[in-house]
Amino acid sequence: MAKIKIGINGFGRIGRTVARVALQRDDIELVAINDPFLTADHMWKHGELKVKDESTLLFGDKAVKVYDSSCLFTLPNEIPWEDGGAEFVVESSGVNSDQERASRHLTAGAKK
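Rendered as structure tokens:
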């Protein structure tokens, strides 16, 4: 069975919880995270994760694309989910909570 590839928009309390669960499961693959306050430099300084390069974090040996896009607040349709390989997006920013705004992730390449 193919893994479900997910992206997370918003890497606060809920986004990090979703990431922990996804990384423990064999049927889900975390491929991308978007958060304007999440940078590889910040994560490295605070020792939370290992950094592969300026746009990639390592969860163990699993590389995950990071977008530190200000799109979190205004334009979810400009987050390159398709480039990261995300089929499903978990909207955990709290900003895009209505159907109209959340559906903008679909125009950026997410399937659901």
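2 is the number of the first residue of the sequence shown in my numbering; add one for each residue after it. Just so it is clear, CB atoms sit at the ideal spot from N, CA and C, and this is done for glycine as well.
Problem set entry | Selection from Ile29, Val22, Val19, Val67 that minimises the alpha carbon distance to Pro37 | Ranking Ile29, Val22, Val19, Val67 by Cα distance to Pro37 puts Val67 first.
Problem set entry | Reduced DSSP secondary structure (H/G/I, E/B, other) of Glu88 | coil
Problem set entry | Buried versus exposed call for Ala33 [16 or more other C-beta atoms within 10 Å across all chains shown] | buried
Exercise. How would you label Ala109, buried or exposed, when you count the other beta carbons within 10 angstroms and need 16 or more for buried?
Worked result: buried
Exercise. What residue does the beta strand (DSSP E) around Ala23 start on, and which one ends it?
Worked result: Looking at the DSSP string, Ala23 is not in any beta strand (DSSP E); the run it does join, the alpha helix (DSSP H), is 14-25.
Exercise. What span of residues does the beta strand (DSSP E) with Gly142 cover, start to end?
Worked result: Residue 142 lies beyond the residue range present for the chain, which begins at 2 and ends at 113; the question has no answer from this structure.
Exercise. Should Ser93 and Ile15 be called a contact, given that it needs their Cβ atoms to be closer than 9 Å?
Worked result: yes
Problem set entry | Backbone CA spacing between Ala64 and Asp84 [nearest angstrom] | Their backbone Cα atoms lie some 14 Å apart in a straight line.
Exercise. Anyone know if the C-beta pair for Leu31 and Ile9 falls short of 9 Å?
Worked result: yes
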